[in-house]
Each structure stands twice: as structure tokens, then as C-alpha cells.
Amino acid sequence: MIAGQGAGERCRSGHRLATIAAEVGTPFYAYDLDRFRERIRAFEAGLPDVPHLTCYAVKANDALALLAIVAAEGLGADVVSGGELAKCGKAGITPASIVFSGVGKRDDEIRAAVEAEIRSVNVESLEELDEVSAAARQLGRVAPISVRVNPDVAGGGHEYLATGGAASKFGLERADAREAFRRAATDDALDPVGLSFHVGSQLLDTEPVLMAAERAAELWRELADAGIRLRDFDAGGGLGIAYDGGAEPDVQAYTARLAELAGSVEATLILEPGRHLVGPAGTFVTRVLHVKRAGGRTIAVCDGGSNDLLRPALYGAEHPITVLVERERERALVDLVGPLCESSDFLALDRTLPLPRRGDLIAVELAGAYGRVMSSTYNARPLCAEVVLEQGSWRVSRERGTYDDLIRNERP
Ligand SMILES: Cc1ncc(COP(=O)(O)O)c(C=O)c1O
Numbered sequence: 335m336i337a338g339q340g341a342g343e344r345c346r347s348g349h350r351l352a353t354i355a356a357e358v359g360t361p362f363y364a365y366d367l368d369r370f371r372e373r374i375r376a377f378e379a380g381l382p383d384v385p386h387l388t389c390y391a392v393k394a395n396d397a398l399a400l401l402a403i404v405a406a407e408g409l410g411a412d413v414v415s416g417g418e419l420a421k422c423g424k425a426g427i428t429p430a431s432i433v434f435s436g437v438g439k440r441d442d443e444i445r446a447a448v449e450a451e452i453r454s455v456n457v458e459s460l461e462e463l464d465e466v467s468a469a470a471r472q473l474g475r476v477a478p479i480s481v482r483v484n485p486d487v488a489g490g491g492h493e494y495l496a497t498g499g500a501a502s503k504f505g506l507e508r509a510d511a512r513e514a515f516r517r518a519a520t521d522d523a524l525d526p527v528g529l530s531f532h533v534g535s536q537l538l539d540t541e542p543v544l545m546a547a548e549r550a551a552e553l554w555r556e557l558a559d560a561g562i563r564l565r566d567f568d569a570g571g572g573l574g575i576a577y578d579g580g581a582e583p584d585v586q587a588y589t590a591r592l593a594e595l596a597g598s599v600e601a602t603l604i605l606e607p608g609r610h611l612v613g614p615a616g617t618f619v620t621r622v623l624h625v626k627r628a629g630g631r632t633i634a635v636c637d638g639g640s641n642d643l644l645r646p647a648l649y650g651a652e653h654p655i656t657v658l659v660e661r662e663r664e665r666a667l668v669d670l671v672g673p674l675c676e677s678s679d680f681l682a683l684d685r686t687l688p689l690p691r692r693g694d695l696i697a698v699e700l701a702g703a704y705g706r707v708m709s710s711t712y713n714a715r716p717l718c719a720e721v722v723l724e725q726g727s728w729r730v731s732r733e734r735g736t737y738d739d740l741i742r743n744e745r746p
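Taking our numbering as reference, the numbering of the sequence shown is continuous, increasing by one, and the terminal residue is 746.
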């Protein structure tokens with residue numbers, strides 16, 4: 335099913351997805367836990383022998399079944415909300431290995447993080463620094479903080495995925511970052527422990543991160559000269575995956591250079607990969623409801639759409655698509671669209687595929703990251719099911735939503 339796998343393998347996993355579809359219905363996400371574990375282990379094995387901590391970016395996929403693996407593999411987590419922090423707690427991820435990023439943390443979320451004694455609250459504005467200080471003071475604690483500096487480096491697979499440009503809402507400008515450290519160093523409710531940055535997501539060229547890391551190391555040295563000694567050099571996430579079947583970024587070269595830089599300032603290197611670890615472990619499966627012709631095009635209307643997988647509509651993302659057919663079929667140029675009342679509701683446009691028929695299953699590959707987590711109940715469509723596959727067996731890890739779920743907590 336996944337680019338790079340042989341025909342036999344493709345056939346086996348296709349049958350498995352068809353069996354699952356027959357039992358749980360469509361649409362659903364399937365996560366291959368063995369693959370997720372392998373991705374984590376390969377990433378860890380490739381890291382140079384320097385003090386480091388990999389904090390899985392929970393935003394990429396917060397399914398508890400995956401977070402349990404993150405915990406079991408000894409990884410930390412990068413969270414961006416109180417909800418993600420709570421899910422990490424449930425999954426057994428140690429608070430001391432959790433960093434809390436995010437440009438808009440509410441007071442209650444900051445308090446929860448300080449109370450949980452996480453590794454660091456990564457502050458993104460001077461006001462937020464003051465709020466963390468106030469929360470820590472109120473709780474009688476000292477809050478470890480990291481300052482997220484805006485690297486002023488553009489990078490990311492789409493303009494919405496670039497977070498490190500000069501006018502970005504993320505992080506602090508260099509002068510403000512210096513001020514944040516100065517304030518934190520003289521505030522007995524705060525313990526400045528780290529410097530963090532994040533350039534963007536879906537980076538196939540890691541050069542922008544390395545450039546940002548050089549700048550961060552410069553700032554780190556400046557701070558050290560001013561007597562501010564830090565522990566964590568947090569280079570964020572962003573490693574891209576090859577949705578088009580091309581080359582993946584050179585992960586080893588990237589980690590080697592970051593490790594060298596972190597080593598040069600005697601820091602612990604923190605990395606926050608999300609997509610790289612979980613993207614290839616997920617497949618979104620939907621069924622063709624109708625096939626029609628319009629304006630000379632073949633349109634296959636599926637039961638899953640951008641309410642389930644937003645990436646194509648939001649970023650023009652192109653996932654590998656497999657039509658699960660038993661035998662060879664005529665191929666044609668096809669649009670795969672969803673059931674929603676939006677023209678942007680598509681899974682793939684202009685693809686040459688085996689001509690879909692009503693009832694066919696479609697597998698949207700490399701859908702483990704930023705898939706289900708971005709889904710919604712738009713058009714009052716319940717959230718789809720999730721299943722996990724592990725060592726030849728599978729189970730439902732999250733039931734399909736129901737109509738009751740749609741009105742829970744609602745009062746007419
Ligand atoms: C601060 C931070 N860390 C990590 C990530 C994870 O990025 P990715 O899934 O591309 O590795 C993001 C994503 O936007 C982020 O903003």
C-alpha cells in the first residue's frame with residue numbers, strides 16, 4: 335500500500351484494509367504501530383551520541399495508542415495545549431520530558447504545566463513570560479522556561495507551514511528574546527533553562543533549520559557571556575516526508591550538524607519531530623459512493639472528505655492514492671472528492687488511477703500526521719473511526735462518532 339513496498343506486501347495490506355472496512359465501515363484511519371515504532375527507533379539510532387531528548391510533536395497525531403508507544407520508547411513530548419498535556423499524562427509520558435510550545439497558552443494551561451513540573455514552558459511573548467511568572471509565584475513554584483526565538487528564516491512546504499519568517503506570530507524577535515532572558519534571570523519564580531526555535535513544517539531541505547541553529551547558537555553564546563547559562567538547545571521539528579515518492583531529507587546529516595552545534599555550547603539537544611515519525615504510519619481509508627462525469631472529468635465522490643483529512647484542501651497537499659482493486663483496470667484521470675458542500679472538499683485532483691467504481695475502497699497514504707487531529711464534524715458528520723495494526727492483528731482504537739456525539743453538551 336505504501337510507496338516503496340512490493341506487490342505482495344501491497345496486496346496483503348490491501349486485503350487487511352478491506353477486511354477492516356467490512357467490519358468497521360468507512361471512512362477510517364489505520365495506524366501501523368509497528369511502522370511508527372520502527373520510525374522512532376530508526377530516528378533515535380541515527381542520533382549522534384550527545385545528550386539529547388526527542389520530544390514527539392503531539393499535534394501531528396495525539397491518538398492515545400501512539401502516545402503509549404512514545405512513552406514506551408522513552409521519548410518526551412512537545413505539546414501545544416492543556417489538552418495535549420492531559421493526553422500525555424494519560425499515556426504515561428514523563429512530565430520532565432515534556433516541553434510546552436504554542437503561541438497562545440491560556441492561564442489555566444500555564445498553571446497546569448507548572449503544576450505538572452514539565453521540562454519547560456516555551457514562552458513566545460514577553461506578556462506570556464510574565465504570566466508564567468505569576469502562575470509560578472501563585473503556586474509557590476519555580477517554573478523552568480525556554481524562550482522561543484523567531485529565527486527569521488523562511489522554510490516550510492507551504493506558506494501556512496512556515497513559522498519562522500520575520501513577521502511570523504511565533505516566537506520572539508531577537509531583541510525581545512534577550513529581554514525575556516534578562517527578566518527571567520532576575521525573577522526568582524522563573525528558571526531559564528532553554529532556547530528554542532522552529533522554522534516550519536514539511537521541510538525537505540533542512541538548510542533553513544541549520545541556518546536558524548547557527549543563529550541560535552550565537553545567541554546562546556551571547557547569553558552565556560552575560561552569565562545566563564542554559565541547558566536545552568531546542569531545534570523544533572519540521573522534517574518533511576516524501577509525499578511524492580521522492581527523496582526524504584537527509585536526517586543523519588541534519589541531526590549530526592545540530593548535535594555538533596548543541597555540543598559546541600554544551601547543551602542538551604531537543605528535537606521535536608512529528609510528521610517524520612508518524613506520517614508514514616497512517617492510512618486514511620474511504621469508500622467511493624458515486625462516480626460521475628462533469629466538464630469532461632471523472633469525479634469519484636467518496637464518503638470521506640476534508641472534514642476527515644483537511645490537508646489537501648488546506649495546503650493543496652498531495653498524498654499517494656491507491657484504489658484497492660482486485661485486478662487490473664483501465665486507468666483514467668480522476669478527481670477524488672468528498673461529500674461536503676464545499677468546492678475545496680477534495681482528497682486528490684487530476685490523478686491517473688484505476689478508474690474507480692461505486693463501492694471501491696481508496697487508501698490515502700502517508701496520512702498519519704495532521705490527519706484525524708485536524709478533522710471536524712462539519713456538515714454534522716460524525717468523526718471517523720481509528721484502528722491500529724500491530725504484529726499481524728488489528729483493533730479499533732477509537733470508535734466512530736455517533737449522532738449522539740454531535741449533540742452531546744448542546745442545549746436547544
Ligand atoms: C514548535 C513546533 N515543534 C514541532 C513541530 C512539529 O513539526 P513537524 O510535524 O513538521 O515535525 C511544530 C509544527 O508546527 C512546531 O510548531
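From the three backbone atoms N, C-alpha and C, an ideal C-beta is built for every residue, glycine too. Please read these numbers as outputs of a predicted model, since none were measured by experiment.
Based on the DSSP secondary-structure assignment, which residues constitute the bridge partners of V625? In the sequence shown, counting from the first residue as 1, residue 625 sits at position 291. Its beta-bridge partners are A634.
Using a beta-carbon distance below 8 Å, is N395 in contact with chain D? Chain labels in this structure do not include chain D; a single protein chain is all it has.
Whole beta strand (DSSP E) elements within the segment 502–565, 3-residue minimum: 524–530
Any heavy atom of ligand 1 within a distance shorter than 7 Å of the CB on K393? Here residue 393 refers to the residue found at position 59 of the sequence shown. Yes - ligand 1 has a heavy atom lying nearer than 7 Å to the Cβ of K393.
Using a Cβ distance threshold of 8 Å, determine whether the segment 711–728 contacts the segment 355–368, with at least three qualifying pairs required. yes
Below 8 Å CB to CB, which residues in the same chain sit around W728 once its five sequence neighbours on both sides are set aside? As a first step, residue 728 is located in the sequence shown; it is residue number 394 there, counting from the start. R350, I354, A364, V721 and V722.
Helix, strand or coil for I575 per DSSP? Looking up residue 575 in the sequence shown gives position 241. Residue state, collapsed to three classes: coil.
Give the C-beta separation of S480 and S459 to the nearest angstrom, bearing in mind that I take them to be a contact with Cβ-Cβ under 8 Å. Working through the sequence shown from its first residue, we reach residue 480 at position 146. Working through the sequence shown from its first residue, we reach residue 459 at position 125. At roughly 13 Å, the Cβ-Cβ gap does not stay under 8 Å, so S480 and S459 are not in contact.
Across which residues does DSSP place H386 in a beta bridge pair? Against the sequence shown, residue 386 aligns to sequence position 52. By DSSP's assignment, H386 forms a beta bridge with L603.
Shortest alpha-carbon distance to Q586 belongs to which of A703, H610 and S598? Locating residue 586 in the sequence shown gives position 252, counting from the first residue. For the residues A703, H610 and S598, the minimum Cα distance to Q586 belongs to H610.
Uninterrupted alpha helix (DSSP H) stretches inside the segment 629–697 (no shorter than 4 residues): 645–649
Going by alpha carbons, who is nearest to R692 out of R706, N713, V657 and D679? Against the sequence shown, residue 692 aligns to sequence position 358. Ranking the options by Cα distance to R692, first place goes to V657.
Since A523 and S467 are thought to touch, with beta carbons under 8 Å apart, how far apart are those beta carbons, to the nearest angstrom? As a position in the sequence shown, residue 523 is number 189, starting the count at 1. As a position in the sequence shown, residue 467 is number 133, starting the count at 1. The pair is a contact, with the Cβ atoms about 5 Å apart (cut-off 8 Å).
Taking V707 as the reference, give the member of L409, E600, G579 and L400 with the closest Cα. Working through the sequence shown from its first residue, we reach residue 707 at position 373. The residue among L409, E600, G579 and L400 with its C-alpha nearest the C-alpha of V707 is L400.
With distances taken between CB atoms, is the gap from V483 to L463 smaller than 8 Å? Taking the sequence shown and counting its residues from 1, the one referred to as residue 483 is at position 149. Taking the sequence shown and counting its residues from 1, the one referred to as residue 463 is at position 129. No, the Cβ-Cβ distance between V483 and L463 is not below 8 Å.
Is D510 near ligand 1, judged by its Cβ being under 7 Å from some heavy atom? Start at 1 with the first residue of the sequence shown, and residue 510 comes out as number 176. No - ligand 1 has no heavy atom lying nearer than 7 Å to the Cβ of D510.
Compare the beta carbon distance of A420 and E606 with 8 Å and say whether it is the shorter of the two. If you number the sequence shown from 1, residue 420 lands on position 86. If you number the sequence shown from 1, residue 606 lands on position 272. In this structure, E606 does not lie closer than 8 Å to A420 by Cβ.
Assigned exposure category for D578 - 16 Cβ within 10 Å defines buried: The sequence position of residue 578 within the sequence shown is 244, counting from 1. For D578, the number of other beta carbons within 10 angstroms of its own is below 16, and it is reported as exposed.
Whole angstroms is fine: what's the gap from G570's alpha carbon to H532's? Along the sequence shown, one-based indexing puts residue 570 at 236. Along the sequence shown, one-based indexing puts residue 532 at 198. Distance between the alpha carbons of G570 and H532: 5 Å.
Selected residue, minimal CA-CA separation from G408, among G423, C422, I427 and G417: Along the sequence shown, read from residue 1 onward, the residue named residue 408 stands at position 74. Per the Cα distances, I427.
Any idea which residues DSSP pairs G613 with across the strands? Counting from 1 along the sequence shown, the entry for residue 613 is found at position 279. DSSP output for G613 lists no bridge partner at all.
Would the segment 513–521 and the segment 535–550 be scored as touching if the rule is three or more Cβ pairs under 8 Å? no
CB-CB length for L398 against K424, believed under 8 Å: In the sequence shown, residue 398 corresponds to position 64, counting from 1. In the sequence shown, residue 424 corresponds to position 90, counting from 1. Contact holds; Cβ gap of about 6 Å.
Contacts around A714, its chain only, beta-carbon distance under 7 Å, and the 5 residues preceding and following it disregarded: Taking the sequence shown and counting its residues from 1, one reaches residue 714 at position 380. Once the five neighbours on either side are set aside, the close Cβ partners of A714 are L740.
Under the three-state reduction of DSSP, which class applies to Y588: helix, strand or coil? Within the sequence shown, residue 588 is the residue found at index 254, counting from 1. Y588: helix per DSSP, three-state reduction.
Give the range of the alpha helix (DSSP H) segment to which R375 is assigned. Along the sequence shown, read from residue 1 onward, the residue named residue 375 stands at position 41. Run containing R375: L367 to A379, per the alpha helix (DSSP H) assignment.
With a cut-off of 8 Å, do at least 3 Cβ pairs link the segment 546–562 to the segment 590–598? yes
DSSP state of V730 mapped onto helix, strand, coil: Reading the sequence shown from its first residue, position 396 is the one you call residue 730. DSSP places V730 in strand when its eight states are reduced to three.
Along the chain, where does the beta strand (DSSP E) containing G417 start, and where does it finish? On the sequence shown, position 83 is the one that residue 417 refers to. Looking at the DSSP string, G417 is not in any beta strand (DSSP E); the run it does join, the alpha helix (DSSP H), is G416 to A425.
Report all residues from its chain with a CB closer than 8 Å to the CB of D738; omit the five preceding and five following residues, and keep chain order. Numbered from its first residue, the sequence shown carries residue 738 at position 404. Same-chain partners within the cutoff: there are none.
In the structure shown, what three-state DSSP assignment does T736 receive? Taking the sequence shown and counting its residues from 1, the one referred to as residue 736 is at position 402. In this structure, T736 counts as coil in the three-state DSSP scheme.
Ordered list of beta strand (DSSP E) runs contained in the segment 454–492, each at least 3 residues: 454–457 and 477–482
T428 in three-state terms, based on DSSP: The residue labelled residue 428 in the question sits at position 94 within the sequence shown. Here T428 sits in coil by DSSP.
Helix, strand or coil, according to DSSP, for S598 in the structure here? Walking along the sequence shown from the start, residue 598 turns up at place 264. Correct three-state label for S598: helix.
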